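Each remark here refers to the structure printed beneath this line.
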Amino acid sequence: MRVAALHARASLRELMRMPAYVVPTLGFPTMFFLFFAAPSSAGDASTLMAIFAGFAVLGVAFFQFGVGIATERTTPWERYVRTLPVSAAERFGGRILSALVFAAGAASLVLVAAVLTTTADLAAEQWGQLAVALLLGSIPFALFGIALGYLAPPRAALPIANVVYLSLSYCGGLWTTPEELPDAVARVSPYLPTRALADTLVGIARGDPVQWGAWLVLALYTAGFFLLAAWSYRRDEGERYR
21 MRVAALHARA SLRELMRMPA YVVPTLGFPT MFFLFFAAPS SAGDASTLMA
71 IFAGFAVLGV AFFQFGVGIA TERTTPWERY VRTLPVSAAE RFGGRILSAL
121 VFAAGAASLV LVAAVLTTTA DLAAEQWGQL AVALLLGSIP FALFGIALGY
171 LAPPRAALPI ANVVYLSLSY CGGLWTTPEE LPDAVARVSP YLPTRALADT
221 LVGIARGDPV QWGAWLVLAL YTAGFFLLAA WSYRRDEGER YR
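For the sequence shown, counting from 1, position 150 maps to 170 in this note's numbering; every step adds exactly one.
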């Protein structure tokens with residue numbers, strides 16, 4: 021755990037020195053919410069606030085991991101780190117901890133913007149539930165981002181991450197409430213991890229009972245994405261250091 025924490029601190033320091041990463045990662049979801057969700061939020065502002073906070077968390081997972089790792093793979097620093105006695109789990113743990121910080125920042129900006137510009141409001145208990153759901157719900161996507169970072173070619177990582185990020189967000193119901201998805205998309209949506217995240221967030225915003233089915237789906241995707249991330253890490257290691 022100590023090694024993971026040190027790795028997270030080093031990663032945070034590095035990323036905070038890169039305005040080209042920090043500004044769009046933190047600001048894009050809020051801008052998207054203000055342009056597309058806030059003007060049509062009458063009557064369902066709290067729900068839209070919650071799902072766009074999920075959209076913000078998802079972006080951190082794909083761009084901090086998918087794009088970041090793919091870029092780092094070609095650097096001398098990455099080759100040096102691979103020679104150190106650090107396990108894949110410790111490296112993944114450090115990356116996830118650093119991502120949680122950025123995810124919390126990006127989601128918080130969406131929440132603040134929603135409260136200031138719409139009628140969005142939650143009870144104190146709901147705010148706490150929403151925070152927990154966003155943090156835990158980001159873990160499977162962080163693992164998926166790690167796998168993407170080790171599988172995608174460095175030059176193709178950004179367009180691939182964009183396509184996957186935007187497609188999963190829309191089809192999972194993180195741009196609009198799941199009930200408003202087109203019929204063709206709605207048939208696929210229940211099988212996506214983003215739909216499980218959207219269902220948990222919508223349930224919290226509307227004061228519904230805990231969505232245990234959605235949490236189970238997220239847990240299964242977490243296990244699957246962890247195995248995929250570990251395999252992709254070892255695959256990359258075998259190709260580069262054989």
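C-beta atoms are modelled at their ideal positions from N, C-alpha and C, and glycine is treated no differently. This structure is a prediction, so every number in the text was calculated from the model and none was measured.
Three-state class that DSSP yields for residue i in the structure shown
| i | result |
| --- | --- |
| residue 149 | helix |
| residue 173 | coil |
| residue 186 | helix |
| residue 232 | helix |
| residue 105 | coil |
| residue 61 | coil |
| residue 38 | coil |
| residue 249 | helix |
| residue 140 | coil |
| residue 33 | helix |
| residue 194 | coil |
| residue 93 | coil |
Range of the contiguous alpha helix (DSSP H) that encloses residue i
| i | result |
| --- | --- |
| residue 100 | 96-101 |
| residue 219 | 213-225 |
| residue 115 | 108-137 |
| residue 203 | 203-208 |
| residue 86 | Where residue 86 is concerned, there is no enclosing alpha helix (DSSP H), given that its DSSP letter is neither H nor E. |
Candidates the options, of which the one nearest residue i by Cα
| i | options | result |
| --- | --- | --- |
| residue 178 | 65, 85 and 55 | 85 |
| residue 252 | 93, 54 and 28 | 93 |
| residue 245 | 208, 223, 170 and 130 | 170 |
| residue 146 | 131, 174 and 136 | 131 |
| residue 22 | 111, 256 and 58 | 111 |
| residue 129 | 233, 113 and 48 | 48 |
| residue 265 | 185, 199 and 181 | No answer is possible for residue 265: it lies beyond the span of the chain, which begins at 21 and ends at 262. |
| residue 33 | 121, 62 and 53 | 121 |
| residue 184 | 161, 202 and 118 | 161 |
| residue 55 | 29, 235 and 134 | 134 |
| residue 218 | 257, 76 and 31 | 76 |
| residue 50 | 220, 96, 138 and 62 | 138 |
| residue 140 | 174, 248, 65 and 220 | 65 |
| residue 257 | 52, 53 and 103 | 103 |
| residue 226 | 68, 30, 189 and 31 | 68 |
| residue 187 | 201, 174 and 175 | 201 |
| residue 172 | 220, 91 and 237 | 91 |
| residue 114 | 247, 238, 28 and 231 | 28 |
| residue 97 | 31, 210 and 63 | 31 |
| residue 236 | 45, 157 and 35 | 157 |
For the region 160-169 against the region 78-87, are there 3 or more C-beta pairs whose distance is under 8 Å?
A contact between stretches requires three or more CB pairs, one per stretch, nearer than 8 Å, and the region 160-169 meets this requirement with the region 78-87.
Between the region 63-73 and the region 97-109, do three or more beta carbon pairs fall short of 8 Å?
Cβ pair count under 8 Å is below three, so no.
Mind the definition here: the region 209-219 touches the region 193-201 only if three or more C-beta pairs lie below 8 Å; say whether that holds.
Three or more Cβ pairs drawn from the region 209-219 and the region 193-201 lie within less than 8 Å of each other, which places the two stretches in contact.
Should the region 123-139 be regarded as contacting the region 23-39, the criterion being three or more beta carbon pairs within less than 8 Å?
Counting Cβ pairs under 8 Å, fewer than three are found: no touch.
Do the region 141-160 and the region 197-208 touch if we need at least three Cβ pairs shorter than 8 Å?
At 8 Å Cβ cutoff, the stretches do not touch.
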